[in-house]
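Protein chains: 2
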Amino acid sequence: MTTLFEITTLDDIRPSPFCWRVRLALKHKRVPFDTVGISYSQIPTLGDGSFKAMPVLQDRLAWIEGSSRIADTLESEYPQQPTLFPADPERRFARFVETWVESALHTTIFRLVAFDVWKRLHPTERAYFRSTREQRLGTTLEYAHEAALARLDEFPAALEPLRRVLLTRQFLSGHEPAYPDYLVFAALKWQRLVSDVVLLPAKDSVEDWYTRLDQLAQE
Amino acid sequence: MTTLFEITTLDDIRPSPFCWRVRLALKHKRVPFDTVGISYSQIPTLGDGSFKAMPVLQDRLAWIEGSSRIADTLESEYPQQPTLFPADPERRFARFVETWVESALHTTIFRLVAFDVWKRLHPTERAYFRSTREQRLGTTLEYAHEAALARLDEFPAALEPLRRVLLTRQFLSGHEPAYPDYLVFAALKWQRLVSDVVLLPAKDSVEDWYTRLDQLAQE
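These protein sequence lines are chains G and L, in that order.
If you're matching positions, the first sequence starts at 96 in my numbering and goes up one per residue.
If you're matching positions, the second sequence starts at 96 in my numbering and goes up one per residue.
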């Protein structure tokens, strides 16, 4: 018997995204389950009373708290069912980091630095660069630069996914750097080579990671 | 002999992030290389004249264009060297999607919907929810909601990494959905269950992907 405990509302909607992760993981693993809607004040009545948040799953005799722990447990308890974490011969992790870097970081950095790059080009190269880049920017190099300067304070938040990974690992790729790290590093290197603007606070954990990779790049 | 062709500047800075990816990939693979700085106008003089952008790598007799293609080629041509794409027994792909979802999507959705959830709770549950959530938001439920409404037009861009993956695959995890897909789906499901606000344009490719997963969730 498997039961998923979820926060519910007056109209019995179960909104928690963490509970939806578990619902889909249970379906993926073909584990029959029922759900019980509870209110915040009922949380201490579950299991041994130690739970602080939902989801909580009661799977046979075990009580498990938290979507990540539940997903990991389902994966190990039901190994014969389809995996929740497929192997990655298609390099999906690296490709996802690439699409993330290009949409969340390159877009902002490009607006900021295109004007700086233009100033550094040989005069005979500037017209080509300006016209192709302004078409991409949808505005002038100068205006894009000013608009980017006005929103610099938003940049550190864009790196939050990396920052959270660095709480538990030295590199995005594990104990050693690999291509996913280089994808992010290259974006920051680009900005730092051509622009004097400081995008991150000095004590940001991203700075330590950047320094480790920069040493590698210079070896 | 391996040569990396890179765009250079008057002061011989090599700013391109795509070239920096390749530089680090070559070092990772322990491939000795030199670099040649070229200007935009020189691109048509390289190789057979068909190249449109940098980086271009001349590795022994082959010419290769584009950072992704170069990284894939280095990985297959130098299989005895450290891999650029390590296997993923630690579920780094899923964990990275999780940190991305929680920092790029949950933050915005939470500000938008916390007030909607509060309204749907049993009156005896509301004080607890308001005080814990307002502490997390750093403001009132009402103000966070209004501030989020004022920035709704920024939300579609946050899903761009997923949208780009969906250009080439049915699901974030490949031909079949898996836990990385569920992490993103659950965030959107949360918003749609409690809020009438429409966050994505109807023709967004994310909508097709969402519908496929929503059918799965209801089976």
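For every residue, glycine included, the Cβ atom is placed at its ideal position computed from N, Cα and C.
- For Phe113 of chain G, the enclosing alpha helix (DSSP H) starts and ends at 112-123.
- Judged by DSSP secondary structure, Thr227 of chain L falls within the alpha helix (DSSP H) whose first and last residues are 218-232.
- Note on Val293 of chain L: under 16 other CB atoms within 10 angstroms of its CB, so exposed under the neighbour-count rule.
- Around Tyr173 of chain G, the same chain offers Lys124 as residues with beta carbons nearer than 6 Å, after the five sequence neighbours per side are excluded.
- For Leu247 of chain L, the closest Cβ of chain G is not nearer than 8 Å.
- At a cut-off of 8 Å between C-beta atoms, Asp291 of chain L does not count as an interface residue with respect to chain G.
- In this structure, Pro181 of chain G sits away from Gly161 of chain L, with a CB-CB distance that is not shorter than 8 Å.
- Distance from Ala282 of chain L to Val196 of chain L at the Cβ level is roughly 5 Å; contact confirmed, criterion being Cβ atoms closer than 8 Å.
- Listed along chain L, the residues sitting closer than 8 Å to Glu185 of chain G by beta-carbon distance are Gly269.
- The beta carbon of Val192 of chain L sits closer than 8 Å to some beta carbon of chain G.
- Nearest CB-CB separation between Trp285 of chain G and chain L: below the 8 Å threshold.
- When C-beta distances to chain G are compared with 9 Å, the residues of the stretch 122-146 of chain L below that value are Lys122, His123, Ser134, Tyr135, Ser136, in chain order.
- In chain order, Tyr274 make up the part of chain L whose C-beta sits under 7 Å from the C-beta of Ala166 of chain G.
- Using a Cβ-Cβ cut-off of 7 Å, Arg215 of chain L is close to Thr104, Leu105, Asp106, Ile108 of chain G, given in chain order.
- For Thr97 of chain L, the beta-bridge partners assigned by DSSP are L:Asp154.
- By DSSP's assignment, Asp129 of chain L forms a beta bridge with L:Thr98.
- Note that the C-beta distance between Phe113 of chain G and Pro139 of chain G is not below 8 Å.
- In this structure, Tyr135 of chain L sits away from Phe266 of chain G, with a CB-CB distance that is not shorter than 8 Å.
- Among the residues facing chain G, Trp195 of chain L is included, as its CB has a counterpart in that chain under 8 Å away.
- Taking CB atoms only, Trp115 of chain L has a neighbour in chain G less than 8 Å away.
- Counting only residues of its own chain and dropping the five nearest sequence neighbours on each side, Pro177 of chain L has a CB closer than 8 Å to the CB of His123, Lys124, Arg125.
- Judged by DSSP secondary structure, Arg258 of chain G falls within the alpha helix (DSSP H) whose first and last residues are 255-260.
- Against chain G, the CB of Ala209 of chain L has no partner CB under 8 Å away; the residue lies outside that interface.
- The C-beta separation of Thr203 of chain G from Phe250 of chain G comes to about 6 Å, placing the pair in contact by the 8 Å criterion.
- In the structure shown, Phe250 of chain L adopts helical secondary structure according to DSSP, grouped into three states.
- When the five nearest sequence neighbours on each side are left out, the beta carbons in the same chain lying within less than 8 Å of the beta carbon of Val117 of chain G are those of Leu99, Pro150, Leu152, Ser162, Ile165, Ala166, in order along the chain.
- The Cβ-Cβ distance between Leu261 of chain L and Ser300 of chain L falls below 8 Å.
- Following the DSSP letters along the chain, one finds Pro275 of chain G inside the alpha helix (DSSP H) bounded by residues 274-289.
- Taking C-beta atoms as the reference points, Arg190 of chain L and Leu232 of chain L fail to come closer than 8 Å.
- Residue-level contact check: His240 of chain L does not touch chain G, since none of the beta carbons of chain G fall below 8 Å from its beta carbon.
- For the stretch 218-234 of chain L, the set of positions with a beta-carbon nearer than 8 Å to some beta-carbon of chain G reads Thr219, Glu220, Tyr223, Phe224 in chain order.
- Within chain G, the residues placing a beta-carbon under 7 Å from that of Leu179 of chain L are Ala273, Tyr274, ordered along the chain.
- The Cβ atoms of Pro127 of chain L and Val192 of chain L do not sit closer than 8 Å to each other.
- Not flagged as an interface residue toward chain G: Ala148 of chain L, since no C-beta distance is shorter than 8 Å.
- DSSP places Ile159 of chain G within a strand segment (E or B) once states are collapsed to three.
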